[in-house]
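Numbering (the working numbering) for the first sequence: 11 to 530.
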Amino acid sequence: MEAARSIVEEVNRLTLEEQKRLLESEYSELLEDRVRVERGLTLPPLPGAVEGRVVVRFAPNPDFYIHLGNARPAIVCSEYARIYKGRMILRFEDTDPRTKTPLVEAYEAIREDLRWLGVSWHEEYVQSMRLEIFYSVMREALSRGCAYVDTCGDEGKKLLASGSYCGDRDRSVEWQLERFEDMLRGVYGEGEAVVRVKTDPKHPNPSVRDWVALRIIDTARHPHPLVGSRYIVWPTYNYAVSVDDHLMGVSHVIRGREHEVNTEKQLYVYKCMGWEPPVFIHTGRLKLEGFILSKSKIRDLLSKSPQEFLGYDDPRFGTIAALRRRGILAEAIREAIMGVGIKETDATISWANLASVNRRLLDARADRIMFTANPVEHVYEGECVDAEIPYHPERPQKRTIRVCGGDKIFIDRGDIELKEVRLMGMANVKIENGKATMISRDLDYARKKKLQIIQWVPARGAVKLTIYKPEGLKLHKIKGYAEPALKEYKEDSRLQLVRFGFIRIDKIVEEEYTAILTHE
RNA sequence: GCCGCGGUAGUAUAGCCAGGCCCAGUAUGCGGGCCUUUCGAGCCCGUGACCCGGGUUCAAAUCCCGGCCGCGGCACCA
């Protein structure tokens, strides 16, 4: 004991370098390679991943547009497919025409959002087109005796809730197969028969007990937007996912934490069919500070007060379309999402963080334009000057604005009280009683006197610009004037309004511009 | 209520599985400075965290136990 203590003390007295050297020379067999993974913009290694054999999928329900939270698995999956030279699958899970009725336009809107995000996929499937496949796999499962047709109706559910089960569970395979064909033939109505997967009728989680794999939906009353009322027997999520993930060779399922119990349910299908299950990874939920992400909440707001919002891509929402419309770049979203990775804890991306990344990316490419949000007209007094304003501080291109004595210019209300300022690119002036009187054009003078350099807008040719500024649930409207150079830009341009913030031009109607403030 | 999963600075994340390179790294935010014809960007300096309590160990953010808090699930939704 004493010996051990003294040896430890001796070792501890050595510096790290000395310890390392000693280990390498005397006891190198004890050294173990411990590889440190460089993070940066890359993801942690995918458990059990083998290069060339990774197959991942993004499987949205096309009942609405996707939001930032959905983008997490989509981006992460496509990135893993890229890293491991694997395959990425896009699969639309539209197997509920009744309560989660698919939106016809959502299929293409989702593809568009994904493309914009830089997510690429190698294969695409739509589950509503694969119903026959689910039926035939079920015939096999019934034959194997690990699923059954429950014709007990509501009673079957109640029995399971109490740890018992519908007597049909114990009937013969032949009986099951015949009843299943009856279901497909339309012998039963909604709720009269379901196909259940045999699990454990006493499972601690009642929802796991013999969960429903296929049910009847009256598609005469609730037609599916893609296949109409062609089918009445529809697979549930858990069943369809298990079958498709296996058939499509998915090796890694990356999805939200809310699917943890589903994973447990799906494992019964793999076991029944003798399939090798994929690796399941559950990520935490993603929120965006100050934004509304929830599908149902957005739909709610849109239907209750449509006049208050600019649509599903209103800049106050966290849909991908909304972020795009606001002026957030796809790279910024990718960066933010790669940053949170696949952690199992919920994360709230702070707006400051996303905006900061976006600002850094935008700064390099957004031209600078002068804008006054609270324009106050002033008369310029002094000699004619040709103000040269660079489009971007890093680039040589400039525009020239000629201002002569008697010309009117707009100065922002907040800047008037500064009394003496430098009008950017133009001249140093004294501001007094609605007049801007030139002192000199000398920049050094402005530097020496530490004059504030402000933006200004010539009244002649000034462009009316309305800016929507999202703030929480509010959308402020700011009306002002921008310099004539704004007319050189088309819709969807991203600009920086000097000393105001970054904007994306949303709409141009007859010389009147509308933009959305991306962030300051 | 029952089942499950988590808890590192204001926010997010690295480290945890394989205890010592961690009096905890990075980004953002915040404070200060430099630079700059923007209050933008960039550069420099600073600020600030291992949920709590026990235990194991020479050594604990890391392993064990208990508590607290947060989240998810409990559908013939996905």
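All residues carry an ideal CB built from backbone N, CA and C; glycine is no exception.
Secondary structure of residue i, DSSP reduced to three states
{"i": "residue 71", "result": "coil"}
{"i": "residue 292", "result": "strand"}
{"i": "residue 332", "result": "helix"}
{"i": "residue 36", "result": "Low per-residue confidence applies at residue 36: pLDDT is 40, beneath 50, and the placement is therefore not dependable, though the value from the model is reported in the following sentence. Correct three-state label for residue 36: helix."}
{"i": "residue 230", "result": "coil"}
{"i": "residue 533", "result": "In this structure the chain extends from 11 to 530, so residue 533 is not present and cannot be described."}
{"i": "residue 497", "result": "helix"}
{"i": "residue 458", "result": "helix"}
{"i": "residue 348", "result": "helix"}
{"i": "residue 256", "result": "helix"}
{"i": "residue 174", "result": "coil"}
{"i": "residue 466", "result": "coil"}
{"i": "residue 185", "result": "helix"}
{"i": "residue 54", "result": "coil"}
{"i": "residue 369", "result": "helix"}
{"i": "residue 450", "result": "strand"}
{"i": "residue 218", "result": "coil"}
{"i": "residue 341", "result": "helix"}
{"i": "residue 116", "result": "helix"}
{"i": "residue 158", "result": "strand"}
{"i": "residue 46", "result": "Low per-residue confidence applies at residue 46: pLDDT is 28, beneath 50, and the placement is therefore not dependable, though the value from the model is reported in the following sentence. Residue state, collapsed to three classes: coil."}
{"i": "residue 483", "result": "coil"}
{"i": "residue 129", "result": "coil"}
{"i": "residue 262", "result": "strand"}
{"i": "residue 41", "result": "Low confidence applies to residue 41: its pLDDT is 34, below 50, so where it sits in the model is not reliable, and the reading given next is rough at best. Coil."}
Beta-bridge partners of residue i, as assigned by DSSP
{"i": "residue 512", "result": "506 and 529"}
{"i": "residue 327", "result": "302"}
{"i": "residue 517", "result": "524"}
{"i": "residue 381", "result": "492"}
{"i": "residue 418", "result": "389"}
{"i": "residue 244", "result": "225"}
{"i": "residue 238", "result": "234"}
{"i": "residue 59", "result": "According to DSSP, which records beta bridges pairwise, residue 59 is partnered with nothing at all."}
{"i": "residue 476", "result": "489 and 524"}
{"i": "residue 437", "result": "433"}
7 Å Cβ cutoff met for residue i and residue j
{"i": "residue 149", "j": "residue 227", "result": "no"}
{"i": "residue 464", "j": "residue 525", "result": "no"}
{"i": "residue 183", "j": "residue 155", "result": "yes"}
{"i": "residue 527", "j": "residue 513", "result": "yes"}
{"i": "residue 384", "j": "residue 342", "result": "no"}
{"i": "residue 59", "j": "residue 101", "result": "no"}
{"i": "residue 128", "j": "residue 340", "result": "yes"}
{"i": "residue 391", "j": "residue 447", "result": "yes"}
{"i": "residue 419", "j": "residue 494", "result": "no"}
{"i": "residue 97", "j": "residue 147", "result": "no"}
{"i": "residue 99", "j": "residue 258", "result": "yes"}
{"i": "residue 381", "j": "residue 510", "result": "yes"}
{"i": "residue 67", "j": "residue 296", "result": "no"}
{"i": "residue 211", "j": "residue 170", "result": "yes"}
{"i": "residue 435", "j": "residue 488", "result": "no"}
Nearest neighbour of residue i, chosen from the options [CA to CA]
{"i": "residue 237", "options": "173, 472, 69 and 106", "result": "106"}
{"i": "residue 94", "options": "57, 128 and 117", "result": "57"}
{"i": "residue 438", "options": "424, 427, 459 and 444", "result": "459"}
{"i": "residue 137", "options": "203, 317 and 104", "result": "104"}
{"i": "residue 349", "options": "69, 72 and 85", "result": "85"}
{"i": "residue 161", "options": "205, 530 and 326", "result": "205"}
{"i": "residue 187", "options": "409, 281 and 159", "result": "159"}
{"i": "residue 287", "options": "382, 298, 273 and 297", "result": "273"}
{"i": "residue 347", "options": "360, 336, 337 and 190", "result": "360"}
{"i": "residue 386", "options": "492, 507 and 168", "result": "492"}
{"i": "residue 260", "options": "63, 151 and 436", "result": "63"}
{"i": "residue 308", "options": "113, 322, 300 and 97", "result": "322"}
{"i": "residue 140", "options": "243, 407 and 117", "result": "243"}
{"i": "residue 112", "options": "401, 305, 427 and 325", "result": "305"}
{"i": "residue 271", "options": "317, 216 and 300", "result": "216"}
{"i": "residue 164", "options": "130, 200, 131 and 134", "result": "200"}
{"i": "residue 324", "options": "336, 315 and 314", "result": "336"}
{"i": "residue 421", "options": "144, 440 and 317", "result": "440"}
{"i": "residue 379", "options": "480, 504, 248 and 417", "result": "504"}
{"i": "residue 276", "options": "317, 234 and 223", "result": "223"}
{"i": "residue 143", "options": "445, 253, 152 and 194", "result": "253"}
{"i": "residue 454", "options": "432, 471 and 240", "result": "432"}
{"i": "residue 444", "options": "434, 427 and 452", "result": "427"}
- Okay, do the region 346 to 356 and the region 478 to 491 touch, 3+ Cβ pairs below 8 Å being the bar? no
- Item | At least three beta-carbon pairs within less than 8 Å, the region 116 to 123 to the region 172 to 186 | no
- Task: Evaluate contact between the region 324 to 331 and the region 60 to 77, counting only Cβ atoms and requiring at least three cross-stretch pairs below 8 Å.
- Result: yes
- Task: May I ask you to verify whether the region 288 to 295 touches the region 251 to 271, counting CB pairs closer than 8 Å and requiring at least 3?
- Result: yes
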